[in-house]
Amino acid sequence: MLVILLISALPPTRPARVAAAAGQAASGEVTPYDLILAMNTLRVSYGLQPLIEDAIIDAVAQATAETMAANQMSWHIGDVRGRLAAAGYGGGATVWATENFAVGHMTIDTIMQVWSDPDHMRPATNPAYCHVGAGTAKASNGMTYYVLQAAYTSATSCGPYTYPAGTASPGGGAPVSQVIVPVQVATPDAEGKVYHIVQSGQSLWAIAIAYKITIADLEVWNNISRNDKLQIGQKLFIPTSNTAGYATPTPVGMVITSTPQADGKVVHIVQPYQTLSTIAQAYGVTVDRLLALNGWQLDWPLQIGQELIIVPSQITPSPTPRPLTPLEKLTPAADGNYYHIVKSGETLSWIAGLYGVSVNDLMLWNNLSTTSIIVPDQKLLLQVTPPPTITPTSLPPTATVTLTRTPRPPTATPTLRPSATASVTTTPAPPPQAGGPSAWGIFLILLAVAGLVLIVVSFRKQAENPASQQD
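Its first residue numbered 91, the sequence shown is counted upward by one per residue in my numbering.
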């Protein structure tokens, strides 16, 4: 059995911190001490020396948690190495640091599952890191912020450094030793099953994290409760991706893809130990595509149960009509005026604010004063003109314009003789009216009229000279 002693130096305010941690532990809340212990448990399981708790990093991590909680942030503050150096860590040497955070109502194993991707596992897997600090704070919405920071300096990797003048060395008191037993991951037996033998100092969450499963998995597959104390030498069955019936939550490396919804949208529900890279690989998309679709950043930890859009909806949603304002909802009364019916609890100032008018105008329109009392069901005149409301309707189909022309009488098509002229442009004369007399007909009519005139004149002369007729 491999036993590694962790020398953890606590800050100068150790008694108060220990008391606070004890209170949090009693209520089941995760303490900063739990965060450090969990990360160091993983670190020693990788064969590395545990990180040493540092007073300055503790203070910066706690201030970070409080700032994020006060502003309900979902992103890193940034420049963790600069903030640590400004607080005095490193004694003037170049500082290298990393920061993990999580937010919600979480257990220690859930937090470690959220931090299971390579970026957030740096404190556990990178041998260069030497010191660690953590902090927690509760936001006004009830959510708890968990922050862990790990750091080292350019002067030495995982070694001692000189503190600035006037800065206390971490701890300020006698160091406290702890025993951490790294969880050695067991290999499958002849049947392909994996069993873990519990060693002294090991806990359910440490075993669960080492095998990248959940405490619930250990409880279900071993018929035990997390409230039961583990026994040294106890044999625990570890479900794997080859275990029949073990699929949810999905084992490490297994991502069960979601089926498209009716609109073509694909949404993935994040499971423990899943990372952006493994999810992207399972769906055949890039990490950058996931970040863009979900407004996410690479260093933000995924939350278990978080919904990630893999493929957006293929249907363009219809625009949602803007809700009408109270002024636009007014309907004129029979007299053509607009009125407001007073309801219980309403005041003149509230009604004026509802319609965007002044209280003085409202009182003037209704012959009221500052001492007037309005009662429910009272009608208040509103001398306003509501703006026209635009009801979005589908546009009618575009009408096809058909031009109707009045037919003209056909014109005779002249027969053209061959000519050397290539083309001739003529202005056609207006066609003759149907049924009208021709020129020859008009000539004959005029000739007949002239003849009649001559005959009439001849008869008149004969009537005037009867004697000449007798001769």
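Note that CB positions come from ideal geometry on N, CA and C, so glycine has one too. It should be emphasised that the depicted structure is a prediction, and the values quoted were computed from it without experimental measurement.
{"Item": "Please confirm whether Leu238 and Leu125 have their CB atoms less than 8 Å apart.", "Value": "yes"}
{"Item": "Which stretch, first to last residue, makes up the alpha helix (DSSP H) that contains Thr215?", "Value": "Arg212 to Thr215"}
{"Item": "Using a Cβ-Cβ cut-off of 6 Å (strictly less than) and excluding sequence neighbours within five positions of Ser244, which residues of its own chain qualify?", "Value": "Ala183 and Thr184"}
{"Item": "Along the chain, where does the beta strand (DSSP E) containing Leu398 start, and where does it finish?", "Value": "Glu397 to Val401"}
{"Item": "Can you name, in chain order, every residue of its own chain whose Cβ lies under 6 Å from the Cβ of Pro476, other than the five neighbours on each side?", "Value": "Leu417, Glu418 and Leu420"}
{"Item": "Ignore the nearest five residues each way along the sequence and tell me which others in Gln324's own chain have a CB closer than 8 Å to its CB.", "Value": "Ile287 and Val288"}
{"Item": "So is Gln614 buried or exposed if we call it buried at 16+ other beta carbons inside 10 Å?", "Value": "In the structure displayed, the chain extends from 91 to 561; residue 614 sits before or after that span and is not available."}
{"Item": "Taking the Cβ atom as the reference point for each residue, do Gln404 and Gly443 lie within a distance shorter than 8 Å?", "Value": "no"}
{"Item": "For Glu281, count the other beta carbons within 10 Å of its own beta carbon; 16 or more makes it buried, fewer makes it exposed. Which is it?", "Value": "exposed"}
{"Item": "When you compare the CB positions of Leu366 and Leu380, do they come within less than 8 Å of one another, or not?", "Value": "yes"}
{"Item": "Could you give the DSSP three-state label for Phe533: helix, strand or coil?", "Value": "helix"}
{"Item": "Please check if any C-beta of chain C sits within less than 8 Å of the C-beta of Leu454.", "Value": "As a matter of chain content, chain C is missing from the structure shown, which is built from one protein chain."}
{"Item": "Helix or strand or just coil, what does DSSP make of Thr103?", "Value": "In this predicted model, Thr103 has a pLDDT of only 35, less than 50, meaning its place in the structure is not dependable enough to derive any value."}
{"Item": "Spell out the partners DSSP gives Tyr363 in its beta bridges.", "Value": "Answer is none; Tyr363 lacks a bridge partner."}
{"Item": "Thinking just about the alpha-carbon of each residue, which of Val356, Ala423, Ala240 and Gly395 is nearest to the one in Tyr219?", "Value": "Ala240"}
{"Item": "If we count Cβ pairs, one from each stretch, closer than 8 Å, do we get three or more for the stretch 385-399 versus the stretch 423-432?", "Value": "no"}
{"Item": "Return yes when the Cβ of Phe191 is within less than 8 Å of the Cβ of Tyr235, no when it is not.", "Value": "yes"}
{"Item": "Tell me the rounded alpha-carbon separation between Val447 and Gly426.", "Value": "19 Å"}
{"Item": "By alpha-carbon positions, which one of Val193, Ala423, Thr415 and Leu454 ends up nearest to Tyr445?", "Value": "Thr415"}
{"Item": "Rounded to whole angstroms, what is the Cα-Cα separation between Asp144 and Thr157?", "Value": "20 Å"}
{"Item": "Have a look at Thr437, Gln473 and Val474 and flag the residue whose alpha-carbon is nearest the alpha-carbon of Ser462.", "Value": "Thr437"}
{"Item": "Use the C-beta contact count for Ser206: other C-beta atoms within 10 angstroms, 16 or more gives buried, fewer gives exposed.", "Value": "buried"}
{"Item": "Starting from Trp165, follow its DSSP beta bridges and name the residues at the other end.", "Value": "The partner list for Trp165 (beta bridge, DSSP) is empty, contrary to what the question assumes."}
{"Item": "Suppose you measure from the CA of Glu189 to the CA of His210; what does that come to, to the nearest Å?", "Value": "8 Å"}
{"Item": "Between the Cα of Asp148 and the Cα atoms of Thr226, Thr347, Ala540 and Val345, which residue gives the shortest distance?", "Value": "Thr226"}
{"Item": "CB-CB under 8 Å to Asn231, same chain, minus the five flanking residues each way: which ones, in chain order?", "Value": "Gln162"}
{"Item": "Quick check on the DSSP output: the beta strand (DSSP E) that includes Leu470 runs from which residue to which?", "Value": "Lys469 to Leu472"}
{"Item": "In whole angstroms, what is the alpha-carbon distance linking Asn317 and Tyr285?", "Value": "21 Å"}
{"Item": "Could you pull the start and end residues of the beta strand (DSSP E) that Glu281 belongs to?", "Value": "Unbroken run through Glu281: none, as it is neither H nor E."}
{"Item": "How long is the line joining the alpha carbons of Tyr363 and Met129, rounded to whole angstroms?", "Value": "15 Å"}
{"Item": "Below 8 Å on the Cβ atoms is my contact criterion, and I expect Ile441 with Leu471 to pass it. Report the Cβ-Cβ distance as a whole number of Å.", "Value": "Wrong, their Cβ atoms sit about 11 Å apart, outside the cutoff."}
{"Item": "Enumerate in chain order the residues of its own chain whose CB-to-CB distance from Gln468 is below 7 Å, with the five nearest sequence positions on each side excluded.", "Value": "Val432"}
{"Item": "If you follow the alpha helix (DSSP H) that Ile297 is part of, which residue opens it and which one closes it?", "Value": "Leu294 to Tyr301"}
{"Item": "Among Met196, Ile303, Asp169 and Gly194, which has the Cα closest to the Cα of Pro187?", "Value": "Per the sequence shown, the amino acid found at residue 187 is Ala instead of Pro. The option with the nearest alpha carbon to Ala187 is Asp169."}
{"Item": "Drop a sphere of 10 angstroms on the beta-carbon of Gly374, count the other beta-carbons inside from all chains shown, and report buried for 16 or more, exposed for fewer.", "Value": "exposed"}
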